[in-house]
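> Chains as they are written, first to last, in the working numbering: chain P, 1 to 286; chain B, 1 to 461; chain C, 1 to 296.
Here a beta-carbon is modelled for each residue, glycine too, at the ideal position from N, C-alpha and C.
Handing you a structure now.
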Amino acid sequence: MVAYGFLAPWIIGLAVFYLGPIGASAVLSFTDYNIISPAEFTGFDNYEKMITDGEFVQALKVTLYYTAFFLLMYVVLSLFVAMLANRPGRGTGLFRLVVFLPSLIPLFAAAVLWGWIFNTDFGLINYLLDEIGLPRQGFFQSPEQALPLVGMLTFWSIGSAFLVYLSGLQSIPIHLYEAITVDGASAVRRFWHVTLPMLSPVILFNLIIGIVLSFQVFDIAWVLTDGGPANRTLFWVLLIYRRAFQDFEMGYASALSWVLFIVVAGVTGLIFRTSRWWVHYEGRTR
Amino acid sequence: MRLNKEMEIIRRAKQAGMSRREFIRLGGTAAAAAAFLAACGEDAAPETTAAPATTAAPATTAAPTTTAAPDADEVGGEITLWAWGAGFEGEVIQQRIDYFNSKYPNVQVNWEPLAANGYEEYPNLLARFAAGNAPDVMRMLNFQLTQLTAEGEALLQVDDYIARDAEELNMGDYIPTTVEGAKVDGKMYGLPDNTEPYVIYYNRDAFNDAGLEDPQVLFQNGEWNEEAFTNSIDALIDNGMRFGVSFESWNYDTFCFMGGGTILNENLEPTIHQGASPQMLGYFAQLIADGKSPSPVVAGGTHLEAFRNQQTGMYLMGPWWYGALTGTVDFDYDVTALPSFNGVRAGKLELGTISISSQSKNPEAAWAFTKTITDTRGLEIWSQVATPTRRSALEAAGFNDVQWKKDAVAMVEAGTWTPFTTQGFAVDTACAAALDLLWAGEVTAEEATQDAANRIREALA
Amino acid sequence: MTAPARLSPVPTGNLAQRLQQRRKILWYLSMVFIALVMILPVYYMVYLAFSELGKEFVFPPGIIPDPIKIENVLRAPEGTATPLWGYAKNSILYAGLGTLGALVAESMAGFALARMRFPGRNVLFALTVGMLIMPFVATIIPKFLLFSRIGLVDTYWALILPWWFGGSPYGIFLMRQFFLTIPREFDEAALIDGAGPWRTLWLVLMPQAVPVLVALGMLHFAYFWNDLLGPLVFCQTRVCKTLPQGILANYQATWDPQWAMFMMSTVLMVAPVAVVFILAQRRFKQGFLFSGLGGR
Numbered sequence: 001m002v003a004y005g006f007l008a009p010w011i012i013g014l015a016v017f018y019l020g021p022i023g024a025s026a027v028l029s030f031t032d033y034n035i036i037s038p039a040e041f042t043g044f045d046n047y048e049k050m051i052t053d054g055e056f057v058q059a060l061k062v063t064l065y066y067t068a069f070f071l072l073m074y075v076v077l078s079l080f081v082a083m084l085a086n087r088p089g090r091g092t093g094l095f096r097l098v099v100f101l102p103s104l105i106p107l108f109a110a111a112v113l114w115g116w117i118f119n120t121d122f123g124l125i126n127y128l129l130d131e132i133g134l135p136r137q138g139f140f141q142s143p144e145q146a147l148p149l150v151g152m153l154t155f156w157s158i159g160s161a162f163l164v165y166l167s168g169l170q171s172i173p174i175h176l177y178e179a180i181t182v183d184g185a186s187a188v189r190r191f192w193h194v195t196l197p198m199l200s201p202v203i204l205f206n207l208i209i210g211i212v213l214s215f216q217v218f219d220i221a222w223v224l225t226d227g228g229p230a231n232r233t234l235f236w237v238l239l240i241y242r243r244a245f246q247d248f249e250m251g252y253a254s255a256l257s258w259v260l261f262i263v264v265a266g267v268t269g270l271i272f273r274t275s276r277w278w279v280h281y282e283g284r285t286r
Numbered sequence: 001m002r003l004n005k006e007m008e009i010i011r012r013a014k015q016a017g018m019s020r021r022e023f024i025r026l027g028g029t030a031a032a033a034a035a036f037l038a039a040c041g042e043d044a045a046p047e048t049t050a051a052p053a054t055t056a057a058p059a060t061t062a063a064p065t066t067t068a069a070p071d072a073d074e075v076g077g078e079i080t081l082w083a084w085g086a087g088f089e090g091e092v093i094q095q096r097i098d099y100f101n102s103k104y105p106n107v108q109v110n111w112e113p114l115a116a117n118g119y120e121e122y123p124n125l126l127a128r129f130a131a132g133n134a135p136d137v138m139r140m141l142n143f144q145l146t147q148l149t150a151e152g153e154a155l156l157q158v159d160d161y162i163a164r165d166a167e168e169l170n171m172g173d174y175i176p177t178t179v180e181g182a183k184v185d186g187k188m189y190g191l192p193d194n195t196e197p198y199v200i201y202y203n204r205d206a207f208n209d210a211g212l213e214d215p216q217v218l219f220q221n222g223e224w225n226e227e228a229f230t231n232s233i234d235a236l237i238d239n240g241m242r243f244g245v246s247f248e249s250w251n252y253d254t255f256c257f258m259g260g261g262t263i264l265n266e267n268l269e270p271t272i273h274q275g276a277s278p279q280m281l282g283y284f285a286q287l288i289a290d291g292k293s294p295s296p297v298v299a300g301g302t303h304l305e306a307f308r309n310q311q312t313g314m315y316l317m318g319p320w321w322y323g324a325l326t327g328t329v330d331f332d333y334d335v336t337a338l339p340s341f342n343g344v345r346a347g348k349l350e351l352g353t354i355s356i357s358s359q360s361k362n363p364e365a366a367w368a369f370t371k372t373i374t375d376t377r378g379l380e381i382w383s384q385v386a387t388p389t390r391r392s393a394l395e396a397a398g399f400n401d402v403q404w405k406k407d408a409v410a411m412v413e414a415g416t417w418t419p420f421t422t423q424g425f426a427v428d429t430a431c432a433a434a435l436d437l438l439w440a441g442e443v444t445a446e447e448a449t450q451d452a453a454n455r456i457r458e459a460l461a
Numbered sequence: 001m002t003a004p005a006r007l008s009p010v011p012t013g014n015l016a017q018r019l020q021q022r023r024k025i026l027w028y029l030s031m032v033f034i035a036l037v038m039i040l041p042v043y044y045m046v047y048l049a050f051s052e053l054g055k056e057f058v059f060p061p062g063i064i065p066d067p068i069k070i071e072n073v074l075r076a077p078e079g080t081a082t083p084l085w086g087y088a089k090n091s092i093l094y095a096g097l098g099t100l101g102a103l104v105a106e107s108m109a110g111f112a113l114a115r116m117r118f119p120g121r122n123v124l125f126a127l128t129v130g131m132l133i134m135p136f137v138a139t140i141i142p143k144f145l146l147f148s149r150i151g152l153v154d155t156y157w158a159l160i161l162p163w164w165f166g167g168s169p170y171g172i173f174l175m176r177q178f179f180l181t182i183p184r185e186f187d188e189a190a191l192i193d194g195a196g197p198w199r200t201l202w203l204v205l206m207p208q209a210v211p212v213l214v215a216l217g218m219l220h221f222a223y224f225w226n227d228l229l230g231p232l233v234f235c236q237t238r239v240c241k242t243l244p245q246g247i248l249a250n251y252q253a254t255w256d257p258q259w260a261m262f263m264m265s266t267v268l269m270v271a272p273v274a275v276v277f278i279l280a281q282r283r284f285k286q287g288f289l290f291s292g293l294g295g296r
């Protein structure tokens with residue numbers, strides 16, 4: 001029973017800050033509640049409203065698009081970068097530092113910096129394009145370019161995924177590579193047959209964290225684009241924030257966040273389900 | 001009380017055919033949820049007795065208890081003031097409090113300055129209303145009046161107080177537009193405090209260099225109109241300025257008003273696609289398309305910086321930057337009214353009121369505070385940082401002796417605004433989203449405003 | 001691709017060397033390219049931080065600021081609208097107390113889950129792992145309503161308290177995994193010596209956990225330090241606003257960015273964390289490696 005003593009803070013925390021709120025959020029999602037007046041039970045109204053709410057549909061699209069981009073950077077490209085950094089050679093230590101450094105810069109500040117560098121009229125990039133004779137671009141001010149640009153810039157925040165991969169790569173036993181190299185296997189084969197399977201648990205980890213992170217993107221839209229132009233960067237969380245803390249539709253915002261929770265839980269659940277087919281667990285300790 | 005309400009929800013959910021088990025599944029763990037809700041309720045319960053918003057009818061709190069204003073030294077007790085104001089603005093607010101105390105020595109005013117502005121702290125204000133400990137007196141932005149009255153009669157309606165103290169108040173002294181801005185459904189929910197019009201900043205050196213007539217002079221001669229404005233833009237650019245004028249796209253409503261257009265009518269139907277609005281928005285979009293104005297910024301602030309760094313010769317904004325630019329620029333600049341379009345001179349007006357919470361336990365002191373800091377002297381003090389709402393205060397503060405301030409007051413007289421609704425933010429973001437495509441040059445003004453009108457209808461539905 | 005490679009003659013010494021060489025050059029080029037993509041924006045940020053106001057409109061920008069404005073270091077914290085010192089104090093309190101409380105709670109929970117048998121352990125562990133995927137925003141509205149009811153909004157507690165009650169699921173999970181790697185003989189020996197589980201945890205196991213605690217602590221600290229949404233919702237008055245809010249207040253609320261000051265504020269905010277991170281990573285390699293944040 002001593003165990004409960006050690007766990008008491010977490011059990012209370014779990015109840016009060018996790019399960020309680022998610023339950024309360026579910027209850028609230030069936031109400032109309034503006035903080036000042038008492039909540040009113042409205043059944044499934046909020047959920048019905050969601051289906052016809054153009055902004056929600058837009059936010060859903062934007063968030064999914066962003067997630068795809070983010071996962072490409074966070075899960076795929078960061079693996080490539082980690083493999084570059086895993087080769088012994090001069091300068092790799094510095095390289096690791098340089099790749100990791102940007103992820104220590106808070107997102108709000110990075111957003112402002114990007115906004116200025118990519119500013120249509122006064123930005124550095126358009127100046128450089130001008131210099132080399134290419135047409136100037138709208139970037140964040142262009143409805144077509146804003147979201148892809150936001151997605152691409154997530155490359156800048158791959159630091160933690162990169163380090164996780166690096167430690168994973170370093171724990172792959174060398175003898176596995178030696179064995180397959182003796183067979184005369186090419187680099188590509190070595191990657192497919194040793195690196196990837198040995199790394200699959202780490203990939204799963206980064207994938208899950210990546211999904212949870214990407215569905216919660218907020219800072220860049222709040223600071224830089226305010227969801228624009230033309231709602232092309234209207235992320236789900238920004239929509240929740242607006243409905244909850246600007247329009248004070250706590251009921252509707254709760255419904256939005258509940259659906260977000262369900263989607264994240266569903267997607268990660270699905271990935272866990274399929275992981276038995278592609279994640280290779282060997283009796284090894286990381 | 002609030003707990004009962006939550007429990008009522010759960011009870012009704014059960015009656016609606018939801019079994020307990022289903023409910024558990026729905027909420028994750030109902031036990032935790034119930035404990036959570038109980039925690040919400042327990043603390044709220046004792047406080048609800050102090051919250052007239054839910055226990056007392058608003059009508060009873062609205063009426064003053066005496067037929068004549070009590071003598072100043074009869075008014076006592078404490079009141080809490082909710083107002084933002086950092087730095088010098090904060091010092092000025094303190095001066096107003098001191099002025100009030102010189103008249104009402106027995107009232108203690110508790111003021112804890114907010115950090116930034118009335119937007120960011122607003123959810124916190126609502127939370128205090130919900131918890132039953134709302135401040136007595138609040139500095140409000142006019143869209144908040146609508147929200148606070150519509151969602152639970154949170155504000156004290158002061159018509160009866162105004163009627164009682166009519167002689168002392170002299171309501172006719174206020175600029176009429178500012179009184180209209182303190183009303184919701186024709187009833188007064190505070191006294192007009194300050195007002196900010198939209199104006200044009202211009203780089204006087206650049207105007208002189210380009211051989212242009214000074215806009216202030218043009219305005220006085222009644223010639224500051226679309227033609228003069230367009231000419232100035234072109235001449236500035238011809239003379240080496242990178243852009244003629246810069247503006248923030250969130251001022252789209254100002255653009256509409258400038259030519260006599262509107263966004264919403266009194267019946268809350270969208271009008272942005274009618275009248276002068278499409279024409280005006282088209283005019284400004286064309287400036288961007290022609291490279292005469294920088295693209296609307298996503299990261300705010302660069303347009304002021306562009307003006308400061310002589311990238312643009314004019315800047316359309318509220319007059320609040322006048323002081324901030326002094327000392328940070330090495331050229332001569334000034335401010336004048338917005339140019340007239342279609343023979344109309346109009347612009348957006350931002351209004352602030354001093355309002356009283358319906359939860360106030362000391363409404364008499366709160367009212368005394370409200371009317372004192374908005375009297376001629378109170379507003380004269382305030383004029384150090386804001387544009388006051390009484391003509392007598394404008395006179396006393398010398399607004400009529402400084403040209404740019406005179407021009408700014410002319411914009412107050414000509415000011416207007418979009419009718420406020422509880423969905424104000426949603427309407428605003430809907431318009432902004434539709435017009436982004438116009439600024440990007442992808443649709444015409446007609447298409448963009450038609451789209452905006454549809455989105456407004458959706459937001460208000 | 002592999003088939004022709006096998007058919008082709010085995011490269012002789014010279015060719016193999018050249019191939020090796022070419023691959024190495026390609027490898028270096030990729031590294032240099034990626035490093036530039038990563039570091040140039042940071043450099044531009046530092047460049048603007050040390051520039052004169054208005055320098056951001058001057059093109060081409062030049063390699064180093066001209067003139068270099070060292071005094072920006074002192075001017076930026078004074079703020080263009082509101083000084084940053086108070087916000088910094090709040091951030092230090094939030095990040096410091098949050099990290100400390102989280103580490104204690106996570107160690108306790110991780111220890112119990114790793115070492116003790118009790119009814120409901122598996123359920124609790126499954127719930128803990130499940131909470132890993134709980135989006136912060138999904139619970140934010142009820143938390144805001146709860147905290148505003150009990151008067152915790154606009155106090156440090158609204159930010160810190162959740163972390164004192166158990167920390168993060170990730171931290172608990174990590175600490176449990178770590179305690180599992182320590183042979184049981186350690187605590188059994190301690191138990192025989194008459195130490196209770198409480199003393200065993202603090203006196204026997206925790207000293208060994210220092211590298212992991214440092215890594216996890218850095219992770220928490222950086223999260224709190226950079227967090228925006230949490231303070232945005234729970235701290236609306238100056239009493240507990242944090243550094244990101246302060247920097248943004250200077251930038252956003254006034255629509256008057258003064259780029260040099262904004263960039264310098266950010267540089268000053270990031271620099272201490274970056275330095276500590278780099279030093280700690282050197283000093284406590286195994287900890288960072290274990291927490292999955294390991295470099296070398």
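Report buried or exposed for residue 105/B, applying the criterion of at least 16 other Cβ atoms within 10 angstroms of its Cβ.
So residue 105/B counts as exposed.
> Looking at residue 10/P: is its Cβ nearer than 8 Å to the Cβ of residue 165/C?
For residue 10/P and residue 165/C, yes; Cβs fall inside 8 Å.
> Per DSSP, what kind of secondary structure is residue 415/B in: helix, strand or coil?
The answer is strand: DSSP assigns residue 415/B an E or B state.
> Any beta carbon from chain B within less than 8 Å of residue 154/C's own beta carbon?
At least one chain B Cβ lies under 8 Å of residue 154/C.
> Could you give the distance in angstroms between the alpha-carbon of residue 190/C and the alpha-carbon of residue 211/C?
The alpha-carbon atoms of residue 190/C and residue 211/C are separated by roughly 21 Å.
> Using the beta-carbon of each residue, which ones in chain B are nearer than 7 Å to residue 125/C?
None at all; the shortest Cβ gap to chain B is about 16 Å.
> Beta carbon of residue 362/B, beta carbon of residue 78/B: below 8 Å?
It is a contact, given that the beta carbons lie within the stated cut-off.
> Given a limit of 7 Å on CB to CB distance, which residues of the segment 183-214 of chain C reach chain P?
Answer set for the segment 183-214 of chain C: 197.
> Candidates 49/P, 230/P, 246/P and 41/P: which alpha carbon is nearest residue 296/B's?
The shortest Cα separation from residue 296/B among 49/P, 230/P, 246/P and 41/P belongs to 230/P.
> At the level of alpha carbons, what is the spacing between residue 125/B and residue 134/B?
Distance between the alpha carbons of residue 125/B and residue 134/B: 7 Å.
> Distance, Cα to Cα, residue 90/P vs residue 31/C?
So the alpha carbons of these two residues sit roughly 11 Å apart.
> Starting from residue 79/B, trace the beta strand (DSSP E) both ways and give me its first and last residue.
Its beta strand (DSSP E) spans residues 77-82.
> Alpha carbon to alpha carbon, how far is residue 278/B from residue 450/B? Give it in angstroms, no decimals.
Spanning the two alpha carbons is a distance of roughly 9 Å.
> Taking only runs that begin and end inside the segment 138-192 of chain B, name each unbroken beta strand (DSSP E) of 3 or more residues, in chain order.
Those beta strand (DSSP E) runs which fall completely within the segment 138-192 of chain B and span 3+ residues do not exist here.
> Taking its Cβ as the centre, do 16 or more other Cβ atoms sit within 10 Å of residue 227/B, making it buried, or is it exposed?
Residue 227/B is exposed by the Cβ-count criterion.
> Would you say the beta carbon of residue 183/B comes nearer than 7 Å to a heavy atom of the ligand MG?
The ligand MG is not part of this structure, which contains no ligands at all.
> Below 7 Å on C-beta distance, what does residue 278/B contact in chain P?
Going along chain P, no residue has its Cβ under 7 Å from residue 278/B, so there is no contact; the nearest lies around 17 Å.
> Buried or exposed for residue 23/C, please, with buried defined as at least 16 other CB atoms from any protein chain shown within 10 angstroms of its CB.
Exposed, because fewer than 16 other Cβ atoms sit within 10 Å of the Cβ of residue 23/C.
> Determine whether the Cβ of residue 395/B lies closer than 8 Å to any Cβ atom of chain P.
So, not an interface residue.
> Are the C-beta of residue 178/C and some C-beta of chain B separated by less than 8 Å?
With 8 Å as the cut-off, residue 178/C does not count as an interface residue toward chain B.
> Which residue wins for smallest C-alpha separation from residue 251/C, given the options 35/C, 77/C, 70/C and 33/C?
Answer by Cα proximity: 77/C.
> Who are residue 334/B's beta bridge partners in DSSP?
BP columns for residue 334/B point to 202/B.
> How close, in whole Å, do the beta carbons of residue 418/B and residue 200/B come, if the pair is a contact with beta carbons under 8 Å?
Not really, about 21 Å apart at Cβ, beyond 8 Å.
> Quick one: residues in its chain with C-beta nearer than 6 Å to the C-beta of residue 183/B, no 5 flanking neighbours on either side, listed in chain order?
So the list is empty, once near-sequence residues are dropped.
> What does the Cβ neighbour count give for residue 67/B, buried or exposed, with the cut at 16 atoms within 10 Å?
Exposed, because fewer than 16 other Cβ atoms sit within 10 Å of the Cβ of residue 67/B.
> Just list the alpha helix (DSSP H) runs in the segment 198-268 of chain P, keeping only unbroken ones of 4 residues or longer that don't cross its boundaries, in chain order.
Whole alpha helix (DSSP H) segments, 4+ residues: 236-245.
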